[in-house]
Amino acid sequence: MQPFLQLVAHDLYTKIGNDLSRTVLVFPNKRANLFFNEYLAEESDQPIWSPAAMSISDLLQKLSVQKAGDPIRLVCELYKVFKEETESRETLDDFYFWGELLISDFDDVDKNMVDADKLFSNLQDLKNLMDDYEFLDEEQEEAIRQFFQNFSIERRTELKEKFISLWDKLGIIYHRYREKLAELGIAYEGMLYRNVIEQLDTDRLKYDKYVFVGFNVLNKVEKEFFQKLQKAGKAMFYWDYDLFYTQRISKHEAGEFIKRNLIDFPNELPESYFDIFRKPKKIRYISASTENAQARFLPEWVKATQTHTTQIVSEKENAIVLCNEALLLPVLHSIPQDVQNVNITMGFPLAQTPVYSFINAAMELQTNGYRPDTGRFTYEAVSKILKHPYTRQLSDHATRLERELTKTNRFYPLPSELKKDDFLTILFTPQSNIRELCDYLLRLIKSISILYRKEGEYDDIFNQLYRESIFQSHLKINRLYSLIESGELSVRTDTLKRLITKVLTASNIPFHGEPAIGLQIMGVLETRNLDFRNLIMLSLNEGQLPKAGGESSFIPYNLRKAFGMTTIEHKNAVYAYYFYRLIQRAENITLLYNTSSDGLNRGEESRFMLQLLVEGPHEITREYLEAGQSPQNTLEIQIEKTPEILRRLYRAYDTAQPESVILSPSALNTYLDCRLRFYYRYVAGLKTPDEVSAEIDSALFGTIFHLSAQLAYTDLTANGKMIQREDLERLLRDEIKLQGYVDQAFKQELFKVAPEEKPEYNGVQLINSKVIVSYLKQLLRNDLQYTPFEMVAMEKKVSEKITIQTALGPLMLRLGGTIDRMDAKEGTLRIVDYKTGGSPKIPANIEQLFTPSETRPNYIFQTFLYAAIMSRKQPLMVAPALLYIHRAASESYSPVIEMGEPRKPKIPVNNFAFFEDEFRERLQALLEEIFDEKELFTQTEDIKKCAYCDFKAICKR
Numbered sequence: 006m007q008p009f010l011q012l013v014a015h016d017l018y019t020k021i022g023n024d025l026s027r028t029v030l031v032f033p034n035k036r037a038n039l040f041f042n043e044y045l046a047e048e049s050d051q052p053i054w055s056p057a058a059m060s061i062s063d064l065l066q067k068l069s070v071q072k073a074g075d076p077i078r079l080v081c082e083l084y085k086v087f088k089e090e091t092e093s094r095e096t097l098d099d100f101y102f103w104g105e106l107l108i109s110d111f112d113d114v115d116k117n118m119v120d121a122d123k124l125f126s127n128l129q130d131l132k133n134l135m136d137d138y139e140f141l142d143e144e145q146e147e148a149i150r151q152f153f154q155n156f157s158i159e160r161r162t163e164l165k166e167k168f169i170s171l172w173d174k175l176g177i178i179y180h181r182y183r184e185k186l187a188e189l190g191i192a193y194e195g196m197l198y199r200n201v202i203e204q205l206d207t208d209r210l211k212y213d214k215y216v217f218v219g220f221n222v223l224n225k226v227e228k229e230f231f232q233k234l235q236k237a238g239k240a241m242f243y244w245d246y247d248l249f250y251t252q253r254i255s256k257h258e259a260g261e262f263i264k265r266n267l268i269d270f271p272n273e274l275p276e277s278y279f280d281i282f283r284k285p286k287k288i289r290y291i292s293a294s295t296e297n298a299q300a301r302f303l304p305e306w307v308k309a310t311q312t313h314t315t316q317i318v319s320e321k322e323n324a325i326v327l328c329n330e331a332l333l334l335p336v337l338h339s340i341p342q343d344v345q346n347v348n349i350t351m352g353f354p355l356a357q358t359p360v361y362s363f364i365n366a367a368m369e370l371q372t373n374g375y376r377p378d379t380g381r382f383t384y385e386a387v388s389k390i391l392k393h394p395y396t397r398q399l400s401d402h403a404t405r406l407e408r409e410l411t412k413t414n415r416f417y418p419l420p421s422e423l424k425k426d427d428f429l430t431i432l433f434t435p436q437s438n439i440r441e442l443c444d445y446l447l448r449l450i451k452s453i454s455i456l457y458r459k460e461g462e463y464d465d466i467f468n469q470l471y472r473e474s475i476f477q478s479h480l481k482i483n484r485l486y487s488l489i490e491s492g493e494l495s496v497r498t499d500t501l502k503r504l505i506t507k508v509l510t511a512s513n514i515p516f517h518g519e520p521a522i523g524l525q526i527m528g529v530l531e532t533r534n535l536d537f538r539n540l541i542m543l544s545l546n547e548g549q550l551p552k553a554g555g556e557s558s559f560i561p562y563n564l565r566k567a568f569g570m571t572t573i574e575h576k577n578a579v580y581a582y583y584f585y586r587l588i589q590r591a592e593n594i595t596l597l598y599n600t601s602s603d604g605l606n607r608g609e610e611s612r613f614m615l616q617l618l619v620e621g622p623h624e625i626t627r628e629y630l631e632a633g634q635s636p637q638n639t640l641e642i643q644i645e646k647t648p649e650i651l652r653r654l655y656r657a658y659d660t661a662q663p664e665s666v667i668l669s670p671s672a673l674n675t676y677l678d679c680r681l682r683f684y685y686r687y688v689a690g691l692k693t694p695d696e697v698s699a700e701i702d703s704a705l706f707g708t709i710f711h712l713s714a715q716l717a718y719t720d721l722t723a724n725g726k727m728i729q730r731e732d733l734e735r736l737l738r739d740e741i742k743l744q745g746y747v748d749q750a751f752k753q754e755l756f757k758v759a760p761e762e763k764p765e766y767n768g769v770q771l772i773n774s775k776v777i778v779s780y781l782k783q784l785l786r787n788d789l790q791y792t793p794f795e796m797v798a799m800e801k802k803v804s805e806k807i808t809i810q811t812a813l814g815p816l817m818l819r820l821g822g823t824i825d826r827m828d829a830k831e832g833t834l835r836i837v838d839y840k841t842g843g844s845p846k847i848p849a850n851i852e853q854l855f856t857p858s859e860t861r862p863n864y865i866f867q868t869f870l871y872a873a874i875m876s877r878k879q880p881l882m883v884a885p886a887l888l889y890i891h892r893a894a895s896e897s898y899s900p901v902i903e904m905g906e907p908r909k910p911k912i913p914v915n916n917f918a919f920f921e922d923e924f925r926e927r928l929q930a931l932l933e934e935i936f937d938e939k940e941l942f943t944q945t946e947d948i949k950k951c952a953y954c955d956f957k958a959i960c961k962r
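What follows is the structure, given as structure tokens:
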């Protein structure tokens, strides 16, 4: 394989000789020059005057009297012109991002040397004067005709009106904007290029020969530049192509532009050098199920290529090309250790460094994370930045503070609560405008930089990378700060946040190394002019190559086509050329694509792969990557009651132990639902980690309702325990008071703020608050039917000691919990359990309460347990009741629990004494089973119980 640049070096040396000091090589990009110089050095054993080398962009900028303007400043200057010409009241915030679009269109207008007056002329004039446009060929005329077929000037809509009014001003804006920039001595790229060409004097050029190497699609500026130098006898042209796509297949998109270039600017190299695509090649198509799976294939590919690589020099003939540059990190992690030299042509994305995530978290904290109306931060924003490694390194209080906020459920903390040390004081000081925000970010970046100043850390590759990322971030934000200080940039903080994010995500940190040595890892654009013997391309999917979608523009497609501007067809042709040129000299080609449909990726191989399969002269093998998978058998978990586990059980519940606790109905219900869950929660002591959430789950909803009801009845019983009908009627009429109880419950249970503070509801919380008020009213209306009655107690803790027989002898336990409410009437003590969810169940008998099943009425089990305890603590008859608030609206509703077989008469449980003996007998048996060393802690048979279990991940059910 003889690379294209080697052919150029040999031909140039043959034609010009040793002294190339008056020659300049112009490449599409800078990288090609490094390889070219190596090949040039091989041409002679004598010293050679190396030619100058630069990209076309660098060359035109050197020939210009104007400087390329800062992109943000260019938009700000355009905004000033736009406001003057349109008298629009649009803010810079609203204008900014479509202002970039407008500059992009002006850039394209200038690079293609379009007559802006004709393009931006009044649409009616454009239609009427179409015949006078002599510059249009038939195809371009047809394009304008097509535009007016699709765009009726007569039938106007509001959107069309806006478009036409803006279009009519674009010509004036274009000229005024260029004049303004010229006064300032700056320009956007297209303007700079156009000015150079319009004022170019070839006699005053610095070099004798301008050698253009490896170009493809030329815009009008480049074409005119080439023509002027050609006429002056100062140009040489080297085009890289293949007869396969320029001659053998007619109208092949890869050869569309190169054929024109070969006619206008003849190639210095003979055609015989470019019939290489048909030479033998080994081509493999490999499909992979994910993006990362492609990277995992690399060790195998590297091993295969190394068997053919005998010298270190030839390592550079191997290349990994990433169509999706987001694969860089997985690829770097997949390169085998024995690959000594690697050259990465892409920069490391700044967006994947810790400093970027820190800046993002800080901006989120100061914008969406701070509420100026209340002077409070949101927990989500505070937590995110407190968990960041930089915060934890710079503040000893960060971890403790984050834990404290989580524990107390503080999701609207005040800045004063967060300022625990100097760094946290800087971090949690609210910033009110864009100048302060920029200054704040710069101060934070300086604080972070201290972490990388310690001795002995300069050799660490990650520290070098992160130091560079800090420097780049400081540089970019400082530039914005300068524009704000000078008054050029005046936007809202949310717009500044978007700008900073955009600027930082577009930044890359260059890797340093020797480019012409080792395995090459590169993006598609970096491959221009380079040739490789062994080539692997990753993510060769439709949408990645060619890139999906055209860029947005104000200039409609048909007008772009008519005036010779860049269209999507240009871009597709460019990518087709890149692809075919890259593989034309390669001998071993491996093309991978992702088959999964995810986001923009539709799981299709690139059209170029299909085209090569149909039109190409080579045999292609199709393979697919498959991860070696072994099905995971989830083993049944059984926990034996070893002496250690029994000791834990006794230590927790034996009343003789000083730290023993009450065995609650919830614990017993857990055991009946799943013994293993009981073990994890009540024996091993595992708990789900605390977390702060503004969401209200069913448990918290119930807690808030319980507290609201307690507060209401505490007020009602302030002057005596008897509840009268008129008391409830008076309270039902007082909406403000009812809302006050609910607000107080929210403050205590959810917001964790002082009673005198106002609750800060979000939308969903406000809806929940209103629902709880309606439930509270329903409770009071329900109680109206029961009045008068005595309120005995609310949220009352009760317990009872009970002795059971175990293998180790008698064991005394304490059973109990908190009863929602106890009221008395006509010699009956009612045990009321409030329920804000679920449906009433009717057990057939007491046995069903103790039999594990999907339909076991666990709420009734709990209420019966409390009834059993209270039966022995006072003389009244006990009636357990379940009050389903959300179902209590009907007049016939009764909270009385009923029992009985299906389709048979039901017995109301008005006197628990009839059921107490059997309940206690079965309770005794249950407790003895829990402490029986022969009974294992096993998984439940009912898989539905596992759906919301906290220990699902451990259990793997």
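Residues in the sequence shown are numbered from 6 upward in steps of one, following the working numbering. Even glycine gets a Cβ: it sits at the ideal position worked out from N, Cα and C.
Task: Helix, strand or coil at Tyr486 [DSSP, three-state] - done: Three-state DSSP puts Tyr486 in a helix.
- [ ] Going by CA-CA distance only, name the one from Tyr44, Leu820, Phe924 and Glu610 that's closest to Arg289.
- [x] Distance from the Cα of Arg289 is smallest, within the candidate group Tyr44, Leu820, Phe924 and Glu610, for Glu610.
Open item on the list: I need the straight-line Cα distance from Ala812 to Asp702, nearest angstrom please.
Closed with: Whole-angstrom Cα-Cα distance: 42 Å.
Task: Beta-carbon spacing of Ile178, Phe87 below 8 Å - done: Cβ atoms of Ile178 and Phe87: closer than 8 Å.
TODO: Just tell me which of Leu333, Leu45 and Val803 has its CA closest to the CA of Leu870.
DONE: Ranking Leu333, Leu45 and Val803 by Cα distance to Leu870 puts Val803 first.
- [ ] For Ser362, I'd like the list of residues in its chain whose CB is within less than 6 Å of its CB, leaving aside the five on either flank, ordered along the chain.
- [x] Here Ser362 has no same chain residue with a Cβ atom under 6 Å from its own Cβ, once five neighbours each way along the sequence are excluded.
Task: Nearest to Pro760 (by Cα), restricted to the options Gly745, Ser774 and Asn767 - done: Residue Gly745 is the option with its Cα nearest to Pro760.
Task: Reference Asn373, options Leu248, Leu410, Tyr417 and Ala356, closest by Cα - done: That would be Tyr417, whose Cα lies nearest to the Cα of Asn373.
TODO: Could you have a look at Phe942 and say whether DSSP puts it in helix, strand or coil?
DONE: For Phe942, the three-state secondary structure derived from DSSP is strand.
Task: Residues bridged to Trp54 [DSSP beta-bridge criterion] - done: Its beta-bridge partners are Asp24.
Task: Among Ser774, Ile777, Leu881 and Glu754, the one whose alpha carbon lies nearest that of Thr413 - done: Out of Ser774, Ile777, Leu881 and Glu754, the CA that lies nearest to the CA of Thr413 is found in Glu754.
- [ ] Classify Thr719 as helix, strand or coil using the three-state DSSP reduction.
- [x] DSSP, reduced to helix, strand and coil, places Thr719 within a helical segment of the structure shown.
Task: Unbroken stretches of the beta strand (DSSP E), 3 residues or longer, contained in the region 832-876 - done: As far as the region 832-876 is concerned, its whole beta strand (DSSP E) runs of at least 3 residues are 833-840.
- [ ] Hey, could you find the ends of the alpha helix (DSSP H) Ile650 is sitting in?
- [x] Per DSSP, the unbroken alpha helix (DSSP H) holding Ile650 starts and ends at Pro648 to Tyr658.
Task: Validate contact between the region 899-918 and the region 607-625 using beta carbons, cut 8 Å, 3 pairs - done: Touching, no.
Task: C-alpha gap between Glu938 and Gln729, whole angstroms - done: Looking at the two C-alpha atoms, the distance is approximately 54 Å.
Task: Own chain partners of Ile642 with C-beta closer than 8 Å, once the 5 adjacent residues on each side are dropped - done: Within the same chain, Ile642 has close Cβ partners Leu681, Thr943, Gln944 and Cys960.
Task: Other residues of its chain near Asn863: CB distance less than 6 Å, five sequence neighbours each side excluded - done: Closer than 6 Å at the Cβ level, and outside the excluded window around Asn863, lie Asn674.
- [ ] Mind checking who Asp828 pairs with in its DSSP beta bridge?
- [x] The partner list for Asp828 (beta bridge, DSSP) reads Met796 and Arg835.
- [ ] Compute the distance between the beta-carbons of Phe249 and Phe231, then report whether it is under 8 Å.
- [x] No, these two residues do not count as a Cβ contact at 8 Å.
Task: Residue range of the beta strand (DSSP E) that includes Val218 - done: Segment Lys214 to Val218, the beta strand (DSSP E) holding Val218.
Open item on the list: For Leu597 and Met527, which I take to be in contact (beta-carbon distance under 8 Å), what is that distance rounded to the nearest angstrom?
Closed with: About 15 Å; that fails the 8 Å criterion.
Open item on the list: Looking only at its chain, what residues have a beta carbon closer than 7 Å to the beta carbon of Ile948, apart from the 5 residues adjacent to it on each side?
Closed with: Result list for Ile948: Arg962, in chain order.
Task: Proximity winner among Thr856, Asp50 and Ile709, relative to Lys757 (alpha-carbon distances) - done: Of the candidates Thr856, Asp50 and Ile709, Ile709 places its Cα closest to the Cα of Lys757.
TODO: Can you have a look at Glu664 and say buried or exposed, based on whether 16 or more other CB atoms are within 10 angstroms of its CB?
DONE: By the beta-carbon neighbour count (other beta carbons within 10 angstroms, threshold 16), Glu664 is exposed.
Open item on the list: Quick check: the Cα distance between Asp136 and Ile325, rounded to an integer number of angstroms?
Closed with: Below a pLDDT of 50, predicted positions are generally treated as unreliable, and Asp136, at 48, falls in that range; the measurement from the model is reported next regardless. Going by the C-alpha atoms only, they are around 52 Å apart.
Open item on the list: With a threshold of 8 Å, are at least 3 pairs of Cβ atoms found where one atom belongs to the region 274-282 and the other to the region 297-314?
Closed with: Because the criterion of three Cβ pairs below 8 Å is not met, the region 274-282 and the region 297-314 do not touch.
Task: Alpha-carbon spacing of Ser895 relative to Asn787, whole angstroms - done: Here the C-alpha atom of Ser895 lies approximately 9 Å from the C-alpha atom of Asn787.
- [ ] Let me know the secondary structure DSSP gives Phe270 once reduced to three states.
- [x] Phe270 falls in the coil class under three-state DSSP.
Open item on the list: For Lys806, list the residues DSSP reports as bridge partners.
Closed with: Partner(s): Arg819.
Task: For Phe153, the three-state DSSP class (helix, strand or coil) - done: At Phe153 the pLDDT is 49, less than 50, meaning the model places this residue with poor confidence; the figure from the coordinates comes in the next sentence. Helix, per DSSP.
Task: Same chain, Cβ closer than 7 Å to Lys1019, five either side skipped, listed in chain order - done: With the chain covering only 6 through 962, there is no way to say anything about residue 1019.
Task: Buried or exposed (CB count within 10 angstroms, at least 16 for buried), His257 - done: Under this definition His257 is a buried residue.
Task: Proximity of Cys81 and Glu493 at Cβ, strictly below 8 Å - done: Yes. Within cutoff.
TODO: Could you check the C-alpha separation between Tyr212 and Pro359 for me, to the nearest Å?
DONE: If I take the Cα positions, the gap works out to 46 Å.
Task: Three-way DSSP call (helix, strand, coil) for Leu743 in this model - done: DSSP places Leu743 in the helix class (H, G or I) of the three-state scheme.
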